[in-house]
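>
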Amino acid sequence: MADVITSREKDYAQWYLDIVQHAKLADYSAVRGCMVIRPNGCALWENMQRALDDMFRETGHENAYFPLFIPQSFLAREAEHVEGFAKECAVVTHSRLMENPSGDGLLPDPDSKLEENLIVRPTSETIIWDAYRNWIQSWRDLPILVNQWANVVRWEMRTRLFLRTMEFLWQEGHTAHETKEEAIEETRRMLEVYATFAEEWMAMPVIRGVKTASERFAGAVDTYCIEAMMQDGKALQAGTSHFLGQNFAKAFDCQFQNRENRLEYVWATSWGVSTRLIGALIMTHSDDRGLILPPRLAPTQVVIVPIFRKDEERTVVLEAADRVEEALRAAGVRVKVDARETHRPGWKFNEYEVQGVPVRLAIGPRDVKKGNVEMARRDQPGKEIVSQEGLPDRIGAVLEDIQQGLFDRALAMREASTRRVDDYEAFKDTLDRHGGFVLAHWDGTPETEARIKQETKATIRCIPMDEDKETGKDMLTGNPSERRVLFARAY
RNA sequence: CGAGGCGUGGCGCAGUCCGGUAGCGCAUCUGCUUUGGGAGCAGAGGGUCGUCGGUUCAAAUCCGGCCGCCUCGACCA
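Residues in the first sequence are numbered from 20 upward in steps of one, following our numbering.
1) At which residues does the alpha helix (DSSP H) containing F535 begin and terminate?
2) Based on Cα-Cα distance, which residue from D37, K132, D251, A195 lies nearest to G264?
3) Under a three-way DSSP split, which group does M209 fall into?
4) Beta strand (DSSP E) containing R385: first to last residue?
5) Nearest by alpha-carbon distance to C515: which of A42, E77, R173 is it?
6) I'd like to know if the stretch 312 to 326 and the stretch 269 to 279 are in contact, where contact means that at least 3 CB-CB pairs between them fall below 8 angstroms.
7) Comparing C-alpha positions only, which one of F327, A340, Y47, E118 sits nearest to H10?
8) Looking at the unbroken alpha helix (DSSP H) that takes in C61, where does it start and where does it end?
9) Is DSSP giving T194 helix, strand or coil here?
10) What residue range does the alpha helix (DSSP H) around M302 cover?
11) Select from A237, I297, E205 the residue whose C-alpha is nearest the C-alpha of L180.
12) Take L87 as the anchor and find which of C61, E65, G103, V171 has the nearest alpha-carbon.
13) Report yes or no: do the stretch 497 to 505 and the stretch 446 to 465 share at least 3 C-beta pairs separated by less than 8 angstroms?
14) How long is the line joining the alpha carbons of L125 and S114, rounded to whole angstroms?
15) Pull up the CB-CB distance for L210 and S260, whole angstroms please, since I reckon it's below 8 angstroms.
16) Give me whichever residues DSSP pairs with A395 in a beta bridge.
17) Using 8 angstroms as the threshold, is the C-beta distance between R57 and A49 below it?
18) Are there three or more Cβ pairs, one per stretch, closer than 8 angstroms when the stretch 214 to 227 is compared with the stretch 413 to 427?
19) Among residues of its own chain, excluding the 5 on either side of Y84, which ones have a beta-carbon nearer than 6 angstroms to its beta-carbon?
20) Helix, strand or coil for A21 per DSSP?
21) Just mark Q33 as buried or exposed, buried being the case when its beta carbon has 16 or more other beta carbons within 10 Å.
22) Using a threshold of 8 angstroms, state whether the C-beta atoms of I203 and V321 are closer than that.
23) Using 8 angstroms as the Cβ pair cut-off and three pairs as the minimum, do the stretch 401 to 420 and the stretch 344 to 354 touch?
24) So the alpha helix (DSSP H) P364 belongs to, where does it begin and stop?
25) Taking the straight line between their C-alpha atoms, what separation do you get for A477 and G365?
26) What residues in its chain sit with their C-beta under 7 angstroms from that of E135, if we drop five residues either side in the sequence?
27) Let me make sure I understand the geometry here. Which of Q190, R396, R207 has the alpha-carbon closest to that of M484?
28) Can you tell me which of Q256, A217, K389 puts its alpha carbon nearest to the alpha carbon of F236?
29) In chain order, which beta strand (DSSP E) runs of at least 3 residues are fully inside the stretch 314 to 373?
30) Could you say which of A270, A340, R295 lies nearest to A287 if we only look at CA atoms?
31) Would you say S233 and P465 are within 8 angstroms of each other, going by their C-beta atoms?
32) Would you mind working out which of R353, Y213, F368, V352 sits nearest R359, comparing C-alpha positions?
33) For A459, write down the residues that DSSP places opposite it in a beta bridge.
34) Applying the criterion that 16 or more other CB atoms from any shown protein chain within 10 Å of the CB defines a buried residue, is N82 buried or exposed?
35) Going along the chain, which residues of its own chain have a beta-carbon closer than 6 angstroms to the beta-carbon of A21, five neighbours each way excluded?
36) Inspect the beta-carbon positions of N103 and W189 and report whether they are closer than 8 angstroms.
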């Protein structure tokens, strides 16, 4: 037994980090807070990207690309936006290095000081709206439905692999609309795209909701979000979609002539998900043995491990393995044969379990003789002997079953950890004893929200959209409330 | 930024209290035997102990400065 993954029970945070490293998803780098995304992690992200990108196209969006650098002055244009992001910007001040006259190393050349500092984008609203001003004259130029895949930098004080890194990969959609209603509709549409992706691809159930004012994106009128529950009962914001009103259009003087022949500011949305989703995926499904990936996103869905000793066995076993691989590939399964002779079967079994491959097939001389394979599912203990006959159909069904099973398990876990509480003492007790989600009444004021946060570390994750209205009394102040909101301690 | 911890072959660690010139496990390399759950045996290579300075005949070990990283917290996706 070589590397051991810390159990969730013993230390959940360490377990998470162990999974990331043992599954070879990412590594620390020479730069504090920045990670190396390794091939396994990259392949996973690429599968997420592909699925999302297809969904964006289906909803009428196009990809574009805007600069990494933003003139410092741009950030200052939208007051709330500055306040939200100014504290975490990487600033470029010089364009050249020179040898340090005092001897060792390099220094920024003072002569190369920039006229205006550039910041590395923490998000791209400003640079994009500066461009949109030139694209939009008339209502006929609208809507603009653009997405970009990019990296962004936020100088975080504290980082965690995938969940919060100083540089991260994401997509950011930026749309421009003629009317408020259309922009709100777009905001909600994209939230639904995210929710669909989370649930159908990641097998991760989410709560759709609206953020309170204090949790809103800097510069937004409304922030919609999807919130997921991790296995430790903490909430993770998995995606956000913002209705920006006319805030950025006003800041960047982006007006159009409307159908009534009057000048009007453009209505905007922006929405994004990031590599944080990989962290969400890990903390939703994986177990103490390693990563568990939902089949729809797994870079490798089925791995075939051939088993043999003698040369003549190798020939027939590899031949059978290749044949099975071929049949599965023809059926659209992402499959590979691991025929390396540098590692033994037992080693490979463990390796693929740690890396979360959904299905493992083993083929040895016994199986060849009987026309069988040995099948093991990552989501369940044990293994099963199945016939090579009709295997592609069987595997297809198993992959779907795993996908559904992971979702069902996560949903059941979330429901078991979601409680309705009406009394503040019970609220605190519930959080301390169980964690999880708590649906409770809130009087709608930032003061109450802040006090609860300070006293319990729980925040209002969102005002759920699916939750029925139900009048009640704020558990802290006793003031009237129209509906329950979702509280949790969060990542 | 606050608290805690850590820096010793590629990785994980012991050695530090009681200074005497570096050790263990995994990994790597070679050979033989193995291969249906992380192989066994034999042999081999690889580090001057984060960094700078001090004390000493002698420093991984004692003293001081600096740097870096991790975890937890405040802030955030």
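Even glycine gets a Cβ: it sits at the ideal position worked out from N, Cα and C.
Reading off the structure:
1) What the structure shows of the chain is the stretch from 20 to 510, and residue 535 is not part of that stretch, so it cannot be assessed.
2) Checking every option, the nearest Cα to that of G264 belongs to A195.
3) The answer is helix: DSSP assigns M209 an H, G or I state.
4) Careful: R385 lies outside any beta strand (DSSP E), inside the alpha helix (DSSP H) at 384 to 389.
5) Here the chain comprises residues numbered 20 to 510, so residue 515 is not present and cannot be evaluated.
6) Taking 8 angstroms as the limit for Cβ pairs, the verdict is that the stretch 269 to 279 does not touch the stretch 312 to 326.
7) Outside the displayed range of the chain (20 to 510) lies residue 10, so it cannot be described from this structure.
8) Element bounds for C61: 58 to 77.
9) In this structure, T194 counts as strand in the three-state DSSP scheme.
10) 295 to 304 is the extent of the alpha helix (DSSP H) around M302.
11) Out of A237, I297, E205, I297 has the C-alpha closest to the C-alpha of L180.
12) The residue with the shortest Cα to Cα distance from L87 is V171.
13) Yes, the stretch 497 to 505 touches the stretch 446 to 465.
14) Near 13 angstroms, if we compare the C-alpha coordinates of S114 and L125.
15) That pair is a contact at about 4 angstroms.
16) In DSSP, A395 forms a bridge with R379.
17) Not a contact, by the Cβ cut-off of 8 angstroms.
18) Taking a cut-off of 8 angstroms for Cβ pairs, the stretch 214 to 227 and the stretch 413 to 427 touch, as three or more such pairs fall below it.
19) Taken in chain order, the residues that qualify are Q167.
20) Note that A21 scores a pLDDT of 44, beneath 50, so its modelled location is shaky and nothing firm can be said.
21) By the neighbour-count rule (16 or more Cβ atoms within 10 Å), Q33 is not buried but exposed.
22) Inclusion of I203 and V321 in the CB contact set at 8 angstroms is not warranted, their separation being larger than that value.
23) At 8 angstroms Cβ cutoff, the stretches touch.
24) Unbroken alpha helix (DSSP H) run through P364: 364 to 373.
25) In a straight line, the C-alpha of A477 is about 45 angstroms away from that of G365.
26) Correct list, in chain order: P90, Q91, S92.
27) Measuring C-alpha to C-alpha distances from M484 to each of Q190, R396, R207 identifies R207 as the nearest.
28) Closest in C-alpha terms to F236, from the list Q256, A217, K389, comes Q256.
29) Complete beta strand (DSSP E) runs here, min 3: 321 to 325, 354 to 356.
30) Here the closest residue by C-alpha is A270.
31) Taking the C-beta atoms as reference points, P465 is found nearer than 8 angstroms to S233.
32) Considering only alpha carbons, the answer is F368.
33) According to DSSP, which records beta bridges pairwise, A459 is partnered with V504.
34) When all chains shown are included, N82 counts as exposed.
35) Because the pLDDT at A21 is just 44, under 50, the model does not fix this residue reliably, and the value given afterwards should be weighed accordingly. Result list for A21: empty, nothing under 6 angstroms.
36) The amino acid occupying residue 103 in the given sequence is Gly; Asn does not appear at that position. Contact flag unset, no.
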